[in-house]
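A quick write-up on the structure given underneath.
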Amino acid sequence: MAWASAMMPEGIVERWFIVNGATIRAGERIAEIRIEDALHDIVAPADGRATIIAVVNDIIEPGSVLATLETMRPD
Numbered sequence: 005m006a007w008a009s010a011m012m013p014e015g016i017v018e019r020w021f022i023v024n025g026a027t028i029r030a031g032e033r034i035a036e037i038r039i040e041d042a043l044h045d046i047v048a049p050a051d052g053r054a055t056i057i058a059v060v061n062d063i064i065e066p067g068s069v070l071a072t073l074e075t076m077r078p079d
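When we follow our numbering, the leftmost residue of the sequence shown carries the number 5, and every step to the right adds one.
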């Protein structure tokens with residue numbers, strides 16, 4: 005899951021709402037980043053298992069990978 009917009013300035017990872025390895029659902033709020041003076045939610049793009057890459061207080065730039073998502077296959 006990458007931070008999407010190349011038009012935005014750098015940001016800071018403020019907090020994760022999930023733990024590493026968590027199973028998450030599409031649309032679930034998973035992290036919060038600070039860009040300038042505003043907080044922005046990051047939501048899961050799909051169902052799956054998340055692996056966190058960027059840690060709290062990391063400075064991130066547009067296009068930075070915050071986490072990876074292993075999508076779940078339906079049974």
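Ideal placement from N, C-alpha and C gives every residue a C-beta, glycine not left out.
Best match in Met76, Gly25 and Arg19 for proximity to Arg33 [C-alpha to C-alpha]: Taking only the C-alpha atoms, the option nearest Arg33 is Arg19.
From Ala35, Glu14, Ala30 and Ala42, residue whose alpha carbon lies closest to that of Asn24: Looking at the Cα atoms, Ala35 is the closest of the given residues.
Residue closest to Ile46, alpha-carbon to alpha-carbon, out of Thr55, Phe21, Gly52 and Glu65: Phe21
Length of the line joining the Cα atoms of Ile37 and Met76: Distance from the CA atom of Ile37 to the CA atom of Met76, rounded to whole angstroms, is 26 angstroms.
Unbroken stretches of the beta strand (DSSP E), 3 residues or longer, contained in the segment 20 to 46: Runs of the beta strand (DSSP E) inside the segment 20 to 46: 33 to 39.
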